Amino acid sequence: MNRETLFESISMLDEDILERSENKKRRNSGRIIITLGTMAACLALIFTLALPSINKPLESASMPAAFQSGIAKYIESPPTDLPFTKADLMWLSQEDIFNKWNTAIFSGTVTKLNNIVISFKGDKAYRAIAEIKVDNIFRGAIDKGDTVSVLLPCPISGGMLMTGTEIISQLTLGSTGIFMPIEYDGSAYWEQNGYTLKLQDVAPYGLADGMRFAFLKSGDGILFARDMYPVISEAKTLEEIENYIRSMIK
Numbered sequence: 128m129n130r131e132t133l134f135e136s137i138s139m140l141d142e143d144i145l146e147r148s149e150n151k152k153r154r155n156s157g158r159i160i161i162t163l164g165t166m167a168a169c170l171a172l173i174f175t176l177a178l179p180s181i182n183k184p185l186e187s188a189s190m191p192a193a194f195q196s197g198i199a200k201y202i203e204s205p206p207t208d209l210p211f212t213k214a215d216l217m218w219l220s221q222e223d224i225f226n227k228w229n230t231a232i233f234s235g236t237v238t239k240l241n242n243i244v245i246s247f248k249g250d251k252a253y254r255a256i257a258e259i260k261v262d263n264i265f266r267g268a269i270d271k272g273d274t275v276s277v278l279l280p281c282p283i284s285g286g287m288l289m290t291g292t293e294i295i296s297q298l299t300l301g302s303t304g305i306f307m308p309i310e311y312d313g314s315a316y317w318e319q320n321g322y323t324l325k326l327q328d329v330a331p332y333g334l335a336d337g338m339r340f341a342f343l344k345s346g347d348g349i350l351f352a353r354d355m356y357p358v359i360s361e362a363k364t365l366e367e368i369e370n371y372i373r374s375m376i377k
């Protein structure tokens, strides 16, 4: 399997994540498969500190199918006793990051941020959904002013730290930055505990991991996985990031 190393996820992914043709399964493990030639996921070691509440909207008929059916629900905070799991991100070159999944790329502001729980016949997986108002488009079928719902690879709680999600776990309401989510289609799905869930039934977009697909503006400067982007490791502004992105997607 060349240099790619798949990585584990709490109550979702484990070291046995394989392509759809593989047969090995575990009752308490799950997998996301994005049939674009490969897959991505995230999550690992989790330390729970303080858990601030996030207002959750009511499920309605206008929401994605997983919420209408009750498979997915909004919650204020994830549990404080999630299991500890160790993992590594799959290896990607800088060219892979921009071209492997033909991600949408845009800058914008987070206008809503909600934790969710997804039930897989008794198994529970905790994530979050961010709604981002688009300011500028670099790639993708999105217009300026659109609001894009993006499934995050971890729940959002102020005191929660996870390896593999150190960047996106710091997202807050009002955060601005550049985001590079995958647009889900019918071939993107999540399997866990014998249940298959289409990812587009949860949100139309999702991040492949919580490190390499977001550049966030913070009070301390630009927050991103600098060691994974050596060309711009010293970048201090979003404008520098934008110029780099344009050069990578020409």
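Residues 128 to 377 in the working numbering are what the sequence shown spells out, letter by letter. Don't be surprised by glycine CBs; every beta carbon is placed ideally from N, CA and C. These numbers come from a predicted model, not from an experiment.
Could you give the first and the last residue of the continuous beta strand (DSSP E) run that contains residue i?
i: Y253; result: D250 to R266
i: Y201; result: A199 to I202
i: A341; result: A341 to S345
i: W218; result: Neither: W218 is in no beta strand (DSSP E) and is coded neither H nor E.
i: G419; result: Here the chain has residues from 128 to 377 only, and residue 419 is not among them.
i: L278; result: T274 to L279
i: Y316; result: A315 to Q319
Identify whether residue i lies in helix, strand or coil by the three-state DSSP scheme.
i: V329; result: coil
i: L334; result: coil
i: I245; result: strand
i: I173; result: Confidence is the limiting factor: at I173 the pLDDT is only 34, short of 50, which leaves the residue's position unreliable and the question unanswerable from this model.
i: I349; result: strand
i: V358; result: helix
i: I232; result: strand
i: I309; result: strand
Starting from residue i, trace the alpha helix (DSSP H) in both directions and tell me its first and last residue.
i: Q195; result: A192 to S196
i: Q221; result: Q221 to N226
i: Y371; result: L365 to M375
Is the Cβ-Cβ distance between residue i and residue j less than 8 Å?
i: L240; j: L334; result: no
i: K344; j: L326; result: no
i: D347; j: A193; result: no
i: G313; j: F342; result: no
i: T230; j: E258; result: no
i: L324; j: Y316; result: yes
i: N263; j: F225; result: no
i: P191; j: A330; result: yes
Identify which residue in the options has its Cα closest to the Cα of residue i.
i: S276; options: S284, S296, A255 and I294; result: A255
i: R339; options: E258, Y316, G348 and S220; result: S220
i: G249; options: Q319, N370 and V329; result: Q319
i: P205; options: D262, T323, N263 and A252; result: A252
i: L216; options: D354, T290 and N263; result: T290
i: D336; options: D270, L279 and M375; result: L279
i: G197; options: I259, V244 and M375; result: V244
i: S296; options: L350, N263, E310 and A268; result: L350
i: S374; options: R266, D208 and A199; result: R266
i: S246; options: F306, S189 and G321; result: G321
i: F306; options: K260, A199 and P282; result: K260
i: C281; options: K363, I376 and I294; result: I294
i: Y371; options: E203, E222 and I202; result: E222
How would you call residue i, buried or exposed, if buried means at least 16 neighbouring beta carbons within 10 angstroms?
i: P357; result: exposed
i: W218; result: exposed
i: G301; result: exposed
i: R153; result: Because R153 carries a pLDDT of 42, less than 50, the predicted location of this residue cannot be relied on, and the following value inherits that uncertainty. Exposed.
i: N242; result: buried
i: K271; result: exposed
i: S360; result: exposed
i: S284; result: buried
i: A227; result: The sequence shown places Lys at residue 227, not Ala. Result: buried.
i: G235; result: buried
i: T292; result: buried
i: A268; result: exposed
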